[in-house]
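Residue numbers (the numbering used here): 11 to 665.
The beta carbon of each residue, even a glycine, is placed where N, CA and C say it ideally should be.
Each remark here refers to the structure printed beneath this line.
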């Protein structure tokens, strides 16, 4: 009998008889290891615990302690869902697309044709069937089959047939068998259905087959799957919190913005309340940039197409750009997808001297991206956006100094908005695949070292990510956690050695020669107004700090006739001081009006009655508090102005 030579991760080599299965390997080591071994890998390819190990090679057992084991559990749960649906008479004719694991769960794309579609009301019945199959503890076994066998096996499912016919004719396919259910699968599942104990179906949504709008619309069923029920419960709680924080829901409730097919998909309309928040952000960031030496400009949202051909955007980002507009005289205009070529032209429009450097140019620049309709989401994914954009043109020897300056400003902005959950990522080129990047090894080594040294000098924690750099230079990405638990890039500082070459940018050096090439630093501090506002809505859950709140003070006279004049006077004084105040004029009970101010998350509510008019005081109630405080109007005005001035941070943390 031939033998298998298996090399383990620690370098040990063990010999097993031909026909051995991973579960038998695990059992030969220890019973406890076998109990927690989910799957195995042979030469980096998955081998199921119940499958025969096909050959000798590098061998690894995947246990429940390994991060990737959870992905295997979630993948297996999607198969369990499909098996349960097929066992239910009203879904017996269901067709299935793909069912992968995803972050925080899994999904399966389904199509019941003219039959019953799955609704949320069906979930409990489906879950009961899934639990029944779990109790059956069906072994999950992989088998290899030929393409003709697969076509015969899945002949009644058009989606599986499409997947099979896309493969080469001589392709050997793998299927996963669990009792009466068969799946096309490349491997990477748990040993049996008995392992899949803790799960919950969460939602259904429409999804085009293979993500193309020209294909049939399928029904995507989402779910959660974890090793422990406590983790399922925690994820359910997190998702409920996410719904409460959804910027689209809050935006509707607080009248911040809306989207409409009549206006156009991906083109949000900012209502007065939302426009106020946006305006505050724009004023804040503009003032911050001016104080840090930036020159603000306005450049056109339309540019000659040749500008984007020179920059390379036309070659590399054409699919994300709107079609050019033929002006009929040989000129083609393009809605700009990026602001950098415009700022390059600002630099280039006259000779520059080394004495001027660094030249810092900034703009709240409107851009347009050709996003597919299925990808559009509220303010976070749109077709028209305004970017807080900035570009610095700097002497190559001053990169580190300018990088520190930008990063210091960036962190000051985060403090003012109370953004604390973020981490730094230094994104380098892939040293094993350098042909993907701008061809200058010395530049890459030097610039990456400069960024790293700057981070070390500032004593900031960061992690390094090879292969995440842009084509034209390394960068620092600030990765933030959104209120919904997702990680996004909030800000970027990007070195660019390519565009100055493409546009032949030069400056006059100390030697009097006009042949010195600047380095360009792209940077975005708060990103687009749309996405940043969505982030703030969700972070603050609609309860904005006083300095950002659309309405800062709601004034409620107890009796409009008796106290209205005093209320109007208070409003005018607050507005004269630059505050946003409103006098309530609705005829309703006082309790209702106070509750409404709380529902609308207004930072301060002032109640004015006989005693307040007589003593020239105000009775103040802060948002989220039950207690009230009566004080002089002057004291209140000083207190709220101080609140605004320190960006609603506590005195202890104010800098």
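* Asked: Within the chosen definition, does the segment 291-309 reach the segment 324-331 through at least 3 CB pairs nearer than 8 Å?
  -> Short answer: they don't touch.
* **Three-state secondary structure assigned by DSSP to residue 430** => Correct three-state label for residue 430: coil.
* Environment of residue 648 [buried if 16+ CB atoms lie within 10 Å] -> Classification of residue 648: exposed, given that the 10 Å Cβ count is below 16.
* Does the Cβ-Cβ distance between residue 592 and residue 626 come in under 8 Å? -> No, they are not a contact pair.
* Asked: Whole beta strand (DSSP E) runs in the segment 493-547 with 3 or more residues, listed along the chain?
  -> Fully enclosed beta strand (DSSP E) runs of 3 or longer: 497-506 and 529-538.
* Where DSSP assigns a beta bridge to residue 75, which residues make up the other side? -> Looking at the DSSP output, residue 75 sits in no beta bridge, so it has no partner there.
* Asked: Roughly how many angstroms separate the alpha carbons of residue 20 and residue 209, rounded to a whole number?
  -> Approximately 34 Å, taken between the alpha carbons.
* Touching or not, the segment 104-121 and the segment 252-271, by the rule of three or more beta carbon pairs under 8 Å? -> Not touching, per the Cβ criterion.
* Backbone CA spacing between residue 562 and residue 348 [nearest angstrom] -> If you draw a straight line from the Cα of residue 562 to the Cα of residue 348, it comes to about 35 Å.
* To do: Give the straight-line distance between the Cα atoms of residue 336 and residue 376, rounded to the nearest whole angstrom.
  => When rounded, the distance between both Cα atoms is 21 Å.
* **Entirely enclosed beta strand (DSSP E) segments - the segment 568-609, minimum 3 residues** => Within the segment 568-609, complete beta strand (DSSP E) segments of at least 3 residues are found at 591-593, given in chain order.
* **Local Cβ density within 10 Å of residue 147, reported as buried at 16 or more and exposed below that** => By the Cβ-count criterion, residue 147 is exposed, with fewer than 16 other Cβ atoms from all chains shown falling within 10 Å of its own Cβ.
* Asked: Hey, how far is the Cα of residue 318 from the Cα of residue 357?
  -> Straight-line Cα distance between these residues: approximately 16 Å.
* So, does the CB of residue 604 fall closer than 8 Å to a CB anywhere in chain B? -> The chain labelled as chain B is not found in the depicted structure, where only one protein chain is given.
* Asked: What separation, rounded to the nearest whole angstrom, lies between the Cα atoms of residue 32 and residue 83?
  -> Looking at the two C-alpha atoms, the distance is approximately 17 Å.
* Just the C-alpha distance for residue 664 and residue 419, rounded to the nearest angstrom, thanks. => Confidence at residue 664 is low in this model, with a pLDDT of 39, below 50, so the placement of that residue should be treated as unreliable; the coordinate-derived value is given next. Cα-Cα distance, rounded: 16 Å.
* **Test item: CB-CB of residue 506 and residue 532 under 8 Å** => One thing to note: residue 506 has its Cβ within 8 Å of the Cβ of residue 532.
* First and last residue of the alpha helix (DSSP H) that includes residue 217? -> Segment 208-218 is the beta strand (DSSP E) holding residue 217; no alpha helix (DSSP H) there.
* Range covered by the alpha helix (DSSP H) that runs through residue 645 -> That run of the alpha helix (DSSP H) goes 643-655.
* Are the beta-carbon atoms belonging to residue 539 and residue 387 less than 8 Å from one another? -> The answer is no: Cβ separation not under 8 Å.
* May I ask which residues mark the beginning and end of the beta strand (DSSP E) holding residue 235? => Boundaries of the beta strand (DSSP E) around residue 235: 227-236.
* To do: Hey, could you find the ends of the alpha helix (DSSP H) residue 466 is sitting in?
  => Residue 466 -> alpha helix (DSSP H) spans 451-467.
* Helix, strand or coil for residue 472, going by three-state DSSP, please let me know. => Looking at residue 472 - three-state DSSP - the assignment turns out to be strand.
* Asked: Do residue 30 and residue 48 come within 8 Å of each other at the CB atom, strictly closer than that value?
  -> Against a cut-off of 8 Å, the Cβ pair of residue 30 and residue 48 comes out as no contact.
* Close beta carbons around residue 623, own chain, < 7 Å, minus the five adjacent residues each side -> So the qualifying residues of the chain are 573 and 576.
* Beta-carbon spacing of residue 199, residue 85 below 8 Å -> Yes; because the gap between Cβ atoms is below 8 Å, this pair is in contact.
* Starting from the C-beta of residue 303, find all residues in its chain whose C-beta is less than 6 Å away, skip the five residues before and the five after it, and write them out in chain order. => The beta carbon of residue 303 sits closer than 6 Å to those of 370, all from its chain and outside the five residues before and after it, given in chain order.
* Asked: Between which two residues does the beta strand (DSSP E) containing residue 399 stretch?
  -> First-last of the beta strand (DSSP E) with residue 399: 394-404.
* Cα-Cα, which of 288, 227, 659 and 617 is closest to residue 547? -> Nearest C-alpha to residue 547: 288.
* Same chain, Cβ closer than 8 Å to residue 489, neighbours up to 5 away in sequence not counted -> Take residue 489, set aside five residues on each side of it, and the residues of its chain with a beta-carbon closer than 8 Å to its own are 432, 433, 434, 435, 497, 498, 499 and 500, in chain order.
* **Secondary structure, alpha helix (DSSP H): runs of 4+ residues fully inside the segment 33-87** => Taking 4 residues as the shortest admissible run, the segment 33-87 contains the following complete alpha helix (DSSP H) segments, listed from N- to C-terminal end: 41-46.
* Using 10 angstroms around the beta-carbon of residue 238, count the other beta-carbons present and answer buried if the total reaches 16, otherwise exposed. => So residue 238 counts as exposed.
* To do: Taking 8 Å as the cut-off, decide whether the C-beta atoms of residue 687 and residue 282 are in contact.
  => Because the chain spans 11 through 665 in this model, residue 687 falls outside it and cannot be assessed.
* Asked: How would you label residue 191, buried or exposed, when you count the other beta carbons within 10 angstroms and need 16 or more for buried?
  -> Burial of residue 191 is indicated by the presence of at least 16 other C-beta atoms within 10 angstroms of its C-beta.
* Beta-carbon gap between residue 169 and residue 106 smaller than 8 Å -> Yes, they are a contact pair.
* To do: Report the three-state DSSP secondary structure of residue 330 (helix, strand or coil).
  => Correct three-state label for residue 330: helix.
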